[in-house]
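Only one structure is covered here, and it is reproduced in the block below.
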Amino acid sequence: MKWKIGGAVFAVLVGIGVFFLGQPTPDELAARMAPDLEARLKSREVQIDPGELLDLIYNDNAAVKILDVRDEADFNLFHIIDAERVTMDQARDYKWAKSLPPNTVLVLTSNDEKRATLAWRLLSARGVANLYILEGGINYWLDVYGQDNDPAAKPRPEGDDTMRHEFSSALGQRRPEADPDPHEAPHREYEKKVKSIGPAAKKAGGCG
Amino acid sequence: MAPLDLNELIGHVLKNVMYVVTGIGFGFALERAGFGNSRNLAAQFYLRDMRVLKVMFTAIITAMLLIFLSGALGLMNVSKIFVNPTYLWPGIVGGIIFGVGFVIGGYCPGTALVSAATLKLDGLFFVLGLGLGMIAFGETIDAYRVFWETSGAYGEVTLYGLFGVDPGVVVVGVVIMALAMFVGAEKIEAYFAEREGGRAS
Numbered sequence: 023m024k025w026k027i028g029g030a031v032f033a034v035l036v037g038i039g040v041f042f043l044g045q046p047t048p049d050e051l052a053a054r055m056a057p058d059l060e061a062r063l064k065s066r067e068v069q070i071d072p073g074e075l076l077d078l079i080y081n082d083n084a085a086v087k088i089l090d091v092r093d094e095a096d097f098n099l100f101h102i103i104d105a106e107r108v109t110m111d112q113a114r115d116y117k118w119a120k121s122l123p124p125n126t127v128l129v130l131t132s133n134d135e136k137r138a139t140l141a142w143r144l145l146s147a148r149g150v151a152n153l154y155i156l157e158g159g160i161n162y163w164l165d166v167y168g169q170d171n172d173p174a175a176k177p178r179p180e181g182d183d184t185m186r187h188e189f190s191s192a193l194g195q196r197r198p199e200a201d202p203d204p205h206e207a208p209h210r211e212y213e214k215k216v217k218s219i220g221p222a223a224k225k226a227g228g229c230g
Numbered sequence: 005m006a007p008l009d010l011n012e013l014i015g016h017v018l019k020n021v022m023y024v025v026t027g028i029g030f031g032f033a034l035e036r037a038g039f040g041n042s043r044n045l046a047a048q049f050y051l052r053d054m055r056v057l058k059v060m061f062t063a064i065i066t067a068m069l070l071i072f073l074s075g076a077l078g079l080m081n082v083s084k085i086f087v088n089p090t091y092l093w094p095g096i097v098g099g100i101i102f103g104v105g106f107v108i109g110g111y112c113p114g115t116a117l118v119s120a121a122t123l124k125l126d127g128l129f130f131v132l133g134l135g136l137g138m139i140a141f142g143e144t145i146d147a148y149r150v151f152w153e154t155s156g157a158y159g160e161v162t163l164y165g166l167f168g169v170d171p172g173v174v175v176v177g178v179v180i181m182a183l184a185m186f187v188g189a190e191k192i193e194a195y196f197a198e199r200e201g202g203r204a205s
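As given, the protein sequences belong to chains E and V, one line each in that order.
Each residue of the first sequence is one higher than the one before, counting from 23 in the numbering used here.
Each residue of the second sequence is one higher than the one before, counting from 5 in the numbering used here.
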């Protein structure tokens, strides 16, 4: 009987301790995780090549969601197929972060990388997994897959996140470079960075 | 900071070895607690033996206290722990099927495996039925996929999110509730033991 009472008292005391200590806020969590997050950003293990993103989009066994953190005007001018525009307020919102689909590769895009990197820090601190950044952002995507593609172009991680490409009209994802044909698009050698997250629901095809 | 990425920390193979060892340890603990015997489990529904309730709630409050204490001390990012999304109506239907199966068969899936591991015939048959049920479900899900995957979808629901309070309030509340249930369970056990003892004499 004594150990039962002891166990009960211990459980109550730990519970009261948890109550008084409180849980860290998202900002406190972000601060605690900062060294680890910065190390991952610095090693560039989460910045994926446009070629890897294109392969993911066309991989029927992988679920991918593109989160575009640019402002509405840039998004309307051009965005990658099926991208969803996300505001920084959403990225700060814990509930929204938890609503993101599990077992899905999430790729953040901005014009270069700054805004996407900021969103990556916020969402990572809110526990979002399988989260990546499009290397060089939309500018580099257009350098690679745009109509005036430049094979010698390099990503600009330190770019000021402004759109470097010009468009005569806001066609969003109706531009051909929003959904390049993987068989026609320039072939790219890249270091695979997206980790396998297990089987995802097939998007199409297959028998049975 | 936990939760740790075991793939990175110890590699894919060792991670799976760890899962197997943990599973065996879990099964062993269940067996030693008497959960490999359907009579002990079914007695819960007749209020004669409340060990299922006591063990389950002890596990719940132990895990809850460890998780939120680790979170409060900065050892774990609690928001990284996967919480099953709520699908209310499929959950109710599944719960009823599960409960009926539990009362009739005397096992839940985990305890059936424990029983089968000790070669008890009822456990082996229960596992066979479990397998057939899984095949039947997999083969027929297209007929009710919309219901199963969309009805009553509330996303990730937690008690502290639902009530809009600090997780610490819920932690203390659940501990007190569990302790009250333990006291109540023991009183019920004592009542039935006394009544059946009197009947036997």
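Ideal placement from N, C-alpha and C gives every residue a C-beta, glycine not left out.
For residue i, return the contacting residues in chain V, with the cut-off set at a CB-CB distance below 9 Å.
| i | result |
| --- | --- |
| V34(E) | V176, V179, I180, L183 |
| S190(E) | Per Cβ cutoff of 9 Å: no residues; S190(E) is ~41 Å from chain V at best. |
| M55(E) | M5, N81 |
| L144(E) | What L144(E) touches in chain V: nothing, since even the nearest Cβ is about 12 Å away. |
Using a beta-carbon distance below 8 Å, is residue i in contact with chain V?
| i | result |
| --- | --- |
| R148(E) | yes |
| A85(E) | no |
| K136(E) | no |
| N125(E) | no |
| K225(E) | Bear in mind that the predicted position of K225(E) carries a pLDDT of just 43, short of 50, making it unreliable; the figure below should be weighed with that in mind. Output row for K225(E): interface = no. |
| I38(E) | yes |
| A61(E) | no |
| A30(E) | yes |
| S121(E) | yes |
| G44(E) | yes |
| L164(E) | no |
| L89(E) | no |
| F97(E) | no |
| F100(E) | no |
| L51(E) | yes |
Between which two residues does the beta strand (DSSP E) holding residue i run?
| i | result |
| --- | --- |
| L123(V) | No beta strand (DSSP E) contains L123(V), which DSSP labels as neither H nor E. |
| I88(E) | 86-90 |
| V129(E) | 127-131 |
Taking the alpha helix (DSSP H) that residue i falls in, what are its first and last residues?
| i | result |
| --- | --- |
| A157(V) | Counting along the chain, A157(V) falls outside any alpha helix (DSSP H), though it belongs to the beta strand (DSSP E) covering 157-159. |
| Y162(E) | 159-167 |
| L156(E) | From DSSP, L156(E) is part of no alpha helix (DSSP H) but of the beta strand (DSSP E) over 153-156. |
| N44(V) | 42-46 |
| H16(V) | 10-36 |
| E188(E) | Where E188(E) is concerned, there is no enclosing alpha helix (DSSP H), given that its DSSP letter is neither H nor E. |
| D14(E) | Past the boundaries of the shown model lies residue 14(E); chain E is included only from 23 to 230, so the question cannot be answered. |
| V68(E) | Note, V68(E): premise wrong, no alpha helix (DSSP H); not H, not E. |
| A207(E) | Counting along the chain, A207(E) falls outside any alpha helix (DSSP H), and DSSP gives it neither H nor E. |
| S74(V) | 55-76 |
| G37(E) | 24-43 |
Comparing C-alpha positions only, which one of the options sits nearest to residue i?
| i | options | result |
| --- | --- | --- |
| A37(V) | I145(V), R149(V), G15(V), T62(V) | T62(V) |
| L73(V) | D115(E), P57(E), P46(E) | P46(E) |
| G159(V) | G44(E), E50(E), A61(E), K117(E) | K117(E) |
| F106(V) | E190(V), V17(V), F49(V) | F49(V) |
| M138(V) | T162(V), P113(V), D126(V) | P113(V) |
| I103(E) | P48(E), L89(E), P208(E) | L89(E) |
| V176(V) | L35(E), M23(E), W25(E) | L35(E) |
| D183(E) | E135(E), K64(E), H209(E), E157(E) | E135(E) |
| N83(E) | M110(E), N125(E), D49(E), M55(E) | N125(E) |
| A76(V) | F41(E), P173(E), G168(E), Q195(E) | F41(E) |
| L144(E) | S121(E), T131(E), D111(E) | D111(E) |
| A30(E) | K191(V), M185(V), A33(V) | M185(V) |
| I101(V) | F32(V), F141(V), A121(V) | F141(V) |
Are the Cβ atoms of residue i and residue j separated by less than 8 Å?
| i | j | result |
| --- | --- | --- |
| V86(E) | L78(E) | yes |
| G159(E) | A192(E) | no |
| V97(V) | E35(V) | no |
| G172(V) | G149(E) | no |
| V68(E) | W142(E) | yes |
| N152(E) | V127(E) | yes |
| E74(E) | K176(E) | no |
| V174(V) | L163(V) | yes |
| L217(V) | Y111(V) | Nothing about residue 217(V) can be read from this structure; chain V reaches only from 5 to 205. |
| A189(V) | M54(V) | yes |
So with Cβ pairs under 8 Å, would you call residue i a contact of chain E?
| i | result |
| --- | --- |
| M138(V) | no |
| I65(V) | yes |
| M256(V) | Only positions 5 to 205 of chain V appear in the structure, and residue 256(V) is not among them; the question remains open. |
| K84(V) | yes |
| D170(V) | yes |
| A76(V) | yes |
| F151(V) | no |
| F167(V) | no |
| I14(V) | no |
| E193(V) | no |
| L73(V) | yes |
| L69(V) | yes |
So which residues of chain E does residue i contact, with C-beta pairs closer than 8 Å?
| i | result |
| --- | --- |
| G29(V) | Those do not exist, as G29(V) stays about 21 Å from chain E at its closest Cβ, beyond 8 Å. |
| V173(V) | F41 |
Who are the neighbours of residue i on chain B, taking C-beta pairs under 7 Å?
| i | result |
| --- | --- |
| Q69(E) | Structure shown: chain B not included; protein chains present are E and V. |
Just to make sure I have the definition right: I need the residues of chain E whose C-beta is within less than 9 Å of the C-beta of residue i. Which are they?
| i | result |
| --- | --- |
| G159(V) | K117, K120, S121 |
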